[in-house]
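These protein sequences, in sequence, are chains A and B.
Heads up: the first sequence begins at 951 in our numbering, then just goes up one per residue.
Heads up: the second sequence begins at 951 in our numbering, then just goes up one per residue.
Here is the structure we will look at.
Number of protein chains: 2
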Amino acid sequence: MLIRNVAVLVVPEVGECRVEEAQDIHIEGDRITTIAPTASAAGDRDGGGGGDGGAGGDRVFDGDVIDGTGLLAVPGLINSHTHSPMVMMRGAAEDLSIEDWFNQRIWPMEVNLTPDRVRVGARLACAEMLLAGVTTFVDHYFHADQIAAAAIESGIRADLAPTFFSSAGQDAIDAAVETTRELNHLHPRVTASLGPHATYTVTDDDLSRTAELARADGMRIHLHAAETDDQTQASLDKHGVTPMQVLERTGVLDAGVLIAHGCGIRASDLPILERYADRVAVASSPKVYLKLAMGEVTPIKGLRSAGVPVGIGTDGAAVHNTLDVWEAIRMVALTQKQREHDAAWMTLSDTLRLATRGSATAAGLGNDVGVLEPGRQADIALVDLSGPHNQPIHDPRAALVYSVRASDVVTVLVAGQVVVRDRQLLTMDRDEVLADARELAHALVDLSTGGAVQHYEP
Amino acid sequence: MLIRNVAVLVVPEVGECRVEEAQDIHIEGDRITTIAPTASAAGDRDGGGGGDGGAGGDRVFDGDVIDGTGLLAVPGLINSHTHSPMVMMRGAAEDLSIEDWFNQRIWPMEVNLTPDRVRVGARLACAEMLLAGVTTFVDHYFHADQIAAAAIESGIRADLAPTFFSSAGQDAIDAAVETTRELNHLHPRVTASLGPHATYTVTDDDLSRTAELARADGMRIHLHAAETDDQTQASLDKHGVTPMQVLERTGVLDAGVLIAHGCGIRASDLPILERYADRVAVASSPKVYLKLAMGEVTPIKGLRSAGVPVGIGTDGAAVHNTLDVWEAIRMVALTQKQREHDAAWMTLSDTLRLATRGSATAAGLGNDVGVLEPGRQADIALVDLSGPHNQPIHDPRAALVYSVRASDVVTVLVAGQVVVRDRQLLTMDRDEVLADARELAHALVDLSTGGAVQHYEP
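In structure tokens:
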């Protein structure tokens, strides 16, 4: 496969991001093989061409060709923390504090979950994400096998953590662990992480056992911790330690973990995290922190100084209302400038680096996705910046961070497979996916069922 | 004209907003005449119908019919503070403090402005806004006659304030005032306000003269004041008064004024503003406050307690990067919850009320636009919420605030004229508008011209 004559976003490990015009991206199987300047003319098989090595494949190419003229190729976006099936609760829990959001709405609603219902939500989520150029999502939810099935069907890539609470009992924990093991051998596009819910819903003993399992089986952990500073303070008040200290003493940091949110990570926690920076990452979802009035955003500047990778995610749509990673990227840039009182911090290049390399590392896929270069997975979104809301373009990086819309995504590839073409989802029947979701919507948010899967009292 | 079988957003003066399904909106000339339940079937001219009075017009209707099935009609959005031609600088001044943004980029670039160039930018801005469902914009810029021409051509509604600085001299001020007078008699869709730039760039004497002119001619004033708390503190340090006190003692509050931003309005200013609450409004553009790390957002809760109307705007795209009022609405809700540490504040209904009634009042058009009801101007956006990113819909108000995209706007009317239909701009040649903007882009941001229109040192 060849994407011909496309501009390419280049995200170096340090320094400025840039856009290289008029490139050909060659793909074999699931990987990028070469990216090189477009030959001067399609029919000019012996002619000049762009020059600097690696090109030429297009001269004898006879596979599928996507015309990239006028489009910008970016690494497929990565949603580094979400609960995809919660799209089913979009708009059903508004204007509520975090306590009421959990205890009055979400956890009572989740009594209604069944495998089939989770599948319906996950299919909708995959459709929404792929159409917006999201090619990988890092999920934390119940019935993760159903989410895997939706991911495989839709063509998206996923890392799935089957959620468990200590309150659900050992059998439930064992089942979640077993699902994690199974998912890790299911499909090339699916990986899995152990999914204790949070430091405040899983006991230290269970966290320790999870860390042991993770080390023994080479699995990663994905959990919520220090979501707010209130949680950090509550942990100090009740146990005399911060959530990060809990993660250290239970061996979770040592095993390797993706920490969701971490808004309550304190300066005193940074030296701890620094010791495990090669296997710990944090995912930030700032729209949620503002909407729930959580009081803080992820301290990315401190984490960066400690060498801890940070990715960008949406969290679930029951609070983020979308799975739009473009929106999450923009919110990271805006809220980080606000937090540090420094408009020159979290630059365009740094923001794009978080969204690509940072999120890939957070997903545990730092060697495979997140950057467009030979040898990497062919996870690519082609973006059309020609609309009035992006024009004129003085800096395409600014367009990607501050003006692009998800609807500007035209074509999407995952692992070399075209999953969206000309804004149409090729892998699933969009109308069927939507009809299933609408049919199920009311049953899923029914609060009359009684009970709750958990109680929020960190 | 008839919009048939459409859901309608109802925004009462107090209480909950709601959506009424299956309505017919009848329009005669530039105004809405009736909104009533859709008759039971198109061909059923004698049949049941929805019932409660005022309907029936559809039974004998033979004008243009827009099928609203599956769409939601909302009051056309109002951008209550912007500098529309600055779309030409989109992405040309990134990652800069407010000082550097003004002094290193924007004010040196504005040396390059000419009437023709302003026209090019304004045409692009009108295209962007109309396609996103924005039917009114409140502008503050140079060469406002050119902006008026673009507004008239595009079909959008505008209130235009010709910008002036005291440093430009009396002739420039006189010319701006004369333009304001002329624009007020130019076209039914155009009004104008006097446009002193700010309390820190216009002398108290010039503000006093502006207030006198405003009172004498029945014109409104639109200016920037207390954009940051630093500005308020600088005003106190230099002059012993806050910017709001300057506006009071110069008579600007008494004359009636739209204050842009007001993030530096202090609690002690609120009793002052309360005295003029029937003729003062504030426009809030929070994306800008975060991006420029201005340290505060508009104190909407305090303003509301003082009875001061608040509208929502984008500010110019040289910092907001879009003229997307949906984005601005969302940012108001998110940042207000954050500011007040209260997730239950700035509810869906209150946010939508600011975006409609609040912005209409801020635009000086509170009796004419902002609400869909008989007698009001037929400024209407039809929104398609059927996409995967909005579904399922448990609450359409939540979709409007937290998940809708500008690209979900399908059809737009201003003053009863269809200006966008099926996402196509009918009033201007989109490709020509874009080509003109691209051709001009580099010349407009050329920093080699030398000089600056002003210096930022509040």
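Virtual Cβ for every residue (Gly too), placed ideally from N, Cα, C.
- Chain B places a beta carbon closer than 9 angstroms to that of residue 1290/A, counting this residue as a contact.
- Within 10 angstroms of the beta-carbon of residue 1069/B lie 16 or more other beta-carbons, which makes it buried.
- Using a CB distance cut-off of 9 angstroms, residue 1188/B does not count as an interface residue toward chain A.
- Secondary structure note for residue 1355/A: it is in no beta strand (DSSP E), with a DSSP letter that is neither H nor E.
- For the set 1163/B, 982/B, 1271/B, 1221/B, the Cα lying nearest the Cα of residue 1045/B is the one of 1271/B.
- At a cut-off of 9 angstroms between beta-carbon atoms, residue 1040/A makes contact with chain B.
- The DSSP-derived three-state label of residue 1047/A is coil.
- In its chain, beyond the 5 residues on either side, 1252 have a beta carbon closer than 7 angstroms to the beta carbon of residue 1217/A.
- In terms of Cβ geometry, residue 1387/A and residue 1036/A do not form a close pair [threshold 9 angstroms].
- Taking CB atoms only, residue 1371/A has no neighbour in chain B less than 9 angstroms away.
- By the 16-neighbour rule on beta-carbons within 10 angstroms, residue 984/A is buried.
- A check of alpha carbon separations from residue 976/A across 987/A, 1393/A, 1078/A, 968/A identifies 987/A as the nearest.
- Between residue 1145/B and residue 1112/B, the CB-CB gap stays under 9 angstroms.
- Contacts with chain A at 9 angstroms (Cβ-Cβ) do not include residue 1064/B.
- Apart from sequence neighbours up to five positions away, the residues of its chain that approach residue 1281/A with a beta-carbon distance below 7 angstroms are 1236, 1237, ordered along the chain.
- Contact check for residue 1342/B and residue 1040/A: beta-carbon distance about 7 angstroms, within the 8 angstroms limit, so the pair qualifies.
- Look at residue 961/B here: in three-state DSSP terms it is coil, with no helix or strand label.
- Taking a contact as a CB-CB distance under 8 angstroms, the pair residue 1073/A and residue 1383/A counts as one, their CB atoms being some 5 angstroms apart.
- Following the DSSP letters along the chain, one finds residue 1195/B inside the alpha helix (DSSP H) bounded by residues 1193 to 1199.
- Annotation: residue 1211/B has no Cβ neighbours in chain A at a cutoff of 8 angstroms; minimum Cβ distance is about 15 angstroms.
- Residues of chain A with a Cβ closer than 9 angstroms to the Cβ of residue 1081/B are, in chain order, 1337, 1338, 1339.
- Assignment of residue 1060/B by DSSP, reduced to helix, strand and coil, places it in the helix class.
- Residues of the stretch 1089 to 1108 of chain A whose Cβ lies closer than 8 angstroms to any Cβ of chain B: none.
- Using a CB distance cut-off of 9 angstroms, residue 1204/B does not count as an interface residue toward chain A.
- For residue 1219/B, the CB contacts under 6 angstroms within the same chain, skipping 5 residues up- and downstream, are 1192, 1194 in chain order.
- Rounded to whole angstroms, residue 1227/B and residue 1054/B show a C-alpha spacing of 37 angstroms.
- By the criterion of at least three beta-carbon pairs nearer than 8 angstroms, the stretch 1184 to 1191 of chain A is not in contact with the stretch 1204 to 1212 of chain A.
- Here residue 1088/B carries a strand assignment [DSSP, helix/strand/coil].
- For residue 1078/A, the chain B residues whose Cβ falls inside 7 angstroms of its Cβ are 1338, 1339, in order along the chain.
- For the set 1374/B, 1056/B, 1020/B, the Cα lying nearest the Cα of residue 1081/B is the one of 1374/B.
- Only those residues of the stretch 1350 to 1362 of chain B whose C-beta falls short of 7 angstroms from the nearest C-beta of chain A are listed: 1352, 1353, 1355, 1356, 1357.
- Relative to the Cα of residue 957/A, the nearest Cα in the group 965/A, 973/A, 1394/A belongs to 973/A.
- Contact check for residue 1130/A against residue 1118/A fails: the beta carbons are separated by 9 angstroms or more.
- With fewer than 16 other CB atoms across the displayed protein chains lying within 10 angstroms of its CB, residue 1120/B is exposed.
- Between the alpha carbons of residue 1205/B and residue 1276/A lies a distance of about 43 angstroms.
- At a cut-off of 9 angstroms between beta carbons, residue 1035/A makes no contact with chain B.
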